[in-house]
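Notes follow the structure.
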Amino acid sequence: MKDDNKPISRKAFMQELRSYRNGSITRRHFMGVTGLGTAMAVMGGTMPAFLPSRARAQEIGDRVVLATWPNYHDPANFDKFAEMTGAYSQVNVFGSNEEMLAKIQAGGSGWDVFVPTNYAIPTYVDADLIEPLDLSKIPNYDAAAFDPRFAEAGTINGTVYAVPKNWGTTGIAFNSDKTGGVVDSWKTFFDGARDQFDGRVMVHDYQLTTIGNALVYHGFSFNSVDPAELAQAEKLLIDVKPHLYAISSDYQPAMRNGDAWLTMCWTGDGKQMHTDIPEIGFALGKEGGEIWSDYYAIPKDAPHKEAAYALINFLLDPEVNKAEALAHGYPVADSRTNAMLPEELLNDPILYPAAEELDALEFGAAVTLTDPNRAELMARFKSA
Amino acid sequence: MAMTPSRARGLLLTPAGLWYAALLLLPLAVVLIFSFGERSPIGGYAPGFTFAQYANLPARFAAFRNTLTLAPIGTLAALLIAYPLAYFLAVKVTPKWKTLLLVLVIVPFWTSILIRSYAWIFLLGGKGIPALLAHLGLEDIRLLNTPFAVLVGIVYGYLPLMVFPIYVALEKLDKRLLEASADLGTPPWRSFLQITLPLSMPGVLTGCMLVFILLMGEFLIPAILGGGKVFFVGNALVDLFLQSRNWAFGSAVAVALVVVMLVVVALYSRAVKRFGATRDDTGLM
């Protein structure tokens, strides 16, 4: 890590490769760029004959299809679910909320459960694409145990459409060896990109966060769709573009090998990189930025609805959820689960920042998901 | 029961007709219909009849410009590298080695282009070739996430498609022509220019066409090796369909790409025909 000018040794290469495989598949966009979200991991047995209980299998069917984000579950939990219910989980990994919406909109996605982020839920409800949840089938969901901030986006006009999974933030990951210390403002992020960090900064290939944080730089709302404010964000982005290392949400490999020094970063990636490479830190932009919460929901056309309810209920079991959290490293909103998590995780400033640090952050707004101006701005930025 | 010849012909053509209808016309018709529609407020497609999507095409001008710049350069670079390789394989190598070397050209195809492009991230990244160059005193060379990296990826990815048609053309070359030419005192470089090169032109033209057409639709290599900063029409399409979900505009861009390709291919085959004509006229054969 220290000396970038030495050619890579065979051992170091293997190390890179391993950490790359561990961490490179970042949460949202990698799949979008590469496999168009078709990358698919089949977990559990694909052979019904191997399933433990044929009898129980008939109650909920022998399979359930889950569309989720990369590195967001404990694979052992799916085995456990198959053992308990006879239904194996087929897991599809996706790159962005937009991509998930595109699949569901096109119809026949075949998904039973999917994991939308807070700001996407109103669009699904408006378009009549998701099922109002029958909470009697999800007894493990205890609304009282959840911080309302991370649960309320699942309820629209008094109807519960989605129950919370995990939450997190979008902040800044920095390599303190190179940046000379903590970078905790979007001002330093974007100004430094054109100055002392020239050629070493990455932004997401994702309109919500890239445009959002450029807006925050100017003191506007992360969610603005005001044309005048968007124009200023665009000017900043296009001005910065020639100095960027990359526009990509697959930032872990470049950060890990020292090519990139600064990147927009989601909580879990920040945690993973910091654990492996202590000099990579994670900070929230003090001007603001994004806080988000992911949810479980069931598409209207889900082919295995009973299995969908069973899987959501299973994953919300605090014991199961604890294993999930230990595997993926994203913060949990369920106080019952948090009570079981190790102290050092709960005190980890990356996962659970001080409450006042979250004050400046904003939840993404539904309008950003479908606003055509933001989409076109992003296209102009990328093709500039 | 005898069939009239025309009926028999009709029946025999049915499979091909169905094939065209289902695999070519139908999807194309959907794209065409979508391109006159609108983006629904939440994204996706809303029926309509408007030319608005086509009027908006200049918004993707940069993507077309980038593609139309890098695709010909990539094709040319692939040709310059593929020709000597194909020549070597077809003319110079002994039969014993030929099969092995040919297989080696194909072997990379057995792995996904995605994986192979990722391998280039390591080679072109800070700890790969730039680190070696730094040893030679060339400090701070950035290769990854530049148009150059995209070009390298393109040439690497499509090289076999260029090598094989040229190889086949050279393989068929009648060696007696070269012997006769040598007997008549022609120096080898002139024999190459007057015999080998013209006779391998069909392979060259096929290879260029194959590579160029595929490059026009490329999106993976620019995304991976260009670091998202090099934006092709293919990337614009992926974003329009999967991110902004503007299917109507995406369809219009797709139709525009088809039209651009048709024009380019038409110009190309006209040039090729003229080339063939002059060749006959000059009696080069």
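The listed protein sequences derive, respectively, from chains A and B.
All letters in the first sequence, in the order written, are residues 7 to 390 by the working numbering.
All letters in the second sequence, in the order written, are residues 732 to 1016 by the working numbering.
Positions of the beta carbon are idealized from the N, C-alpha and C atoms, including for glycine.
Simplified DSSP assignment, three categories, for residue i
| i | result |
| --- | --- |
| A:N98 | strand |
| A:D245 | helix |
| B:L867 | coil |
| B:Y776 | strand |
| B:F923 | helix |
| A:E362 | helix |
| A:K292 | coil |
| A:F180 | strand |
| B:I750 | Checking the sequence, you will find Trp at residue 750 of chain B rather than Ile. In this structure, B:W750 counts as helix in the three-state DSSP scheme. |
| A:D153 | coil |
| B:I812 | helix |
| B:V942 | helix |
| A:I136 | strand |
| B:F1006 | helix |
| A:H322 | Residue identity check: residue 322 of chain A is Leu in the sequence provided, not His. Coil, per DSSP. |
| A:L250 | strand |
| A:T123 | strand |
| A:T161 | strand |
| A:M270 | strand |
| B:T842 | coil |
| A:K348 | The amino acid at residue 348 of chain A is misidentified as Lys; the sequence shows Pro. It is coil, neither helix nor strand. |
| B:T735 | coil |
| B:R873 | coil |
| A:I144 | coil |
| B:E769 | strand |
| A:T281 | helix |
| B:E949 | coil |
| B:A793 | helix |
Nearest-angstrom Cβ-Cβ length linking residue i and residue j, presumed shorter than 8 Å
| i | j | result |
| --- | --- | --- |
| A:K86 | A:V121 | 19 Å between Cβ atoms; not a contact. |
| B:P772 | B:I837 | With a Cβ gap of about 49 Å, B:P772 and B:I837 do not count as contacting. |
| B:A726 | B:M893 | Outside the shown range of chain B, which is 732 to 1016, sits residue 726 of chain B, and nothing can be said about it. |
| A:D118 | A:V71 | 5 Å |
| B:S848 | B:G888 | 7 Å |
| A:I286 | A:I144 | With a Cβ gap of about 38 Å, A:I286 and A:I144 do not count as contacting. |
| A:F288 | A:G164 | Actually they do not touch by this definition, with Cβ atoms about 37 Å apart. |
Chain-ordered neighbours of residue i on chain A, where CB pairs are closer than 8 Å
| i | result |
| --- | --- |
| B:K827 | Simply none; closest approach about 32 Å. |
| B:A967 | A385 and S389 |
| B:I852 | P259 |
| B:A790 | E382, A385 and R386 |
| B:F782 | Under the 8 Å cutoff, chain A gives no residues; its nearest Cβ is about 18 Å from B:F782. |
Proximal chain B residues relative to residue i, where beta-carbon distance stays under 7 Å
| i | result |
| --- | --- |
| A:I244 | By Cβ distance, chain B contributes nothing, its closest Cβ being about 11 Å from A:I244, past 7 Å. |
| A:N263 | G856, G857 and K858 |
| A:Y251 | N876 and G958 |
| A:A133 | I773 |
| A:D211 | G959 |
Residues that residue i contacts on chain B, provided the C-beta gap is smaller than 9 Å
| i | result |
| --- | --- |
| A:T129 | I773 and G774 |
| A:P145 | Those within 9 Å of A:P145 in chain B number zero; the least Cβ separation is about 33 Å. |
| A:P233 | None at all; the shortest Cβ gap to chain B is about 15 Å. |
Cβ-Cβ distance between residue i and residue j below 9 Å
| i | j | result |
| --- | --- | --- |
| A:S389 | B:A967 | yes |
| A:N83 | A:V326 | yes |
| B:L908 | B:L930 | yes |
| A:A381 | B:G775 | no |
| A:E104 | B:R976 | yes |
| A:L268 | A:V207 | yes |
| B:F943 | B:V995 | yes |
| A:L135 | A:K306 | yes |
| A:E368 | A:G291 | no |
| A:D265 | B:G748 | no |
| B:L801 | B:I885 | yes |
Proximal residues of chain B, C-beta to C-beta of residue i below 8 Å
| i | result |
| --- | --- |
| A:G205 | R873 |
Closer than 7 Å at the beta carbon, the chain A residues around residue i
| i | result |
| --- | --- |
| B:F962 | K388 and S389 |
Cβ-heavy atom distance, residue i to the ligand SAH, below 8 Å
| i | result |
| --- | --- |
| B:L908 | Inclusion of the ligand SAH in the displayed structure is not the case, the ligand content being empty and no account of it being possible. |
Assess contact between the stretch 254-268 of chain A and the stretch 734-745 of chain B, defined as three or more Cβ pairs (one per stretch) separated by less than 8 Å. Is contact present?
Contact between the stretch 254-268 of chain A and the stretch 734-745 of chain B is absent, because fewer than three Cβ pairs lie under 8 Å.
Counting Cβ pairs, one atom from each stretch, are 3 or more of them under 8 Å apart for the stretch 957-969 of chain B and the stretch 240-252 of chain A?
yes
Decide yes or no for the touch test of the stretch 221-237 of chain A against the stretch 973-989 of chain B: beta carbon pairs closer than 8 Å, at least 3 of them.
Cβ pair count under 8 Å is below three, so no.
Is the stretch 120-134 of chain A touching the stretch 150-165 of chain A, taking contact as three or more C-beta pairs under 8 Å?
With a cut-off of 8 Å, the stretch 150-165 of chain A and the stretch 120-134 of chain A count as touching, because enough Cβ pairs lie within range.
Inter-stretch contact (C-beta, 8 Å, three-pair minimum) for the stretch 947-955 of chain B and the stretch 828-840 of chain B:
no
Is the stretch 895-906 of chain B in contact with the stretch 923-940 of chain B, if contact means three or more CB pairs nearer than 8 Å?
yes
Any contact between the stretch 266-281 of chain A and the stretch 354-370 of chain A? By contact I mean 3 or more CB pairs, one from each, below 8 Å.
yes
Decide if the stretch 323-338 of chain A is in contact with the stretch 188-201 of chain A; the criterion is three or more beta carbon pairs, one per stretch, under 8 Å apart.
Touching, no, given that fewer than three Cβ pairs across the two stretches are closer than 8 Å.
Between the stretch 877-887 of chain B and the stretch 797-810 of chain B, can you find at least three pairs of beta-carbon atoms closer than 8 Å?
yes
Decide yes or no for the touch test of the stretch 365-379 of chain A against the stretch 759-769 of chain B: beta carbon pairs closer than 8 Å, at least 3 of them.
no
Looking at C-beta atoms only, is the number of pairs between the stretch 127-136 of chain A and the stretch 299-316 of chain A that lie closer than 8 Å three or more?
Touching, yes.
Specify whether the stretch 228-243 of chain A and the stretch 201-220 of chain A touch according to this definition: at least 3 beta carbon pairs, one from each stretch, less than 8 Å apart.
Using a Cβ-Cβ distance cut-off of 8 Å, the stretch 228-243 of chain A and the stretch 201-220 of chain A are in contact, since at least three pairs of beta carbons, one from each stretch, lie closer than that value.
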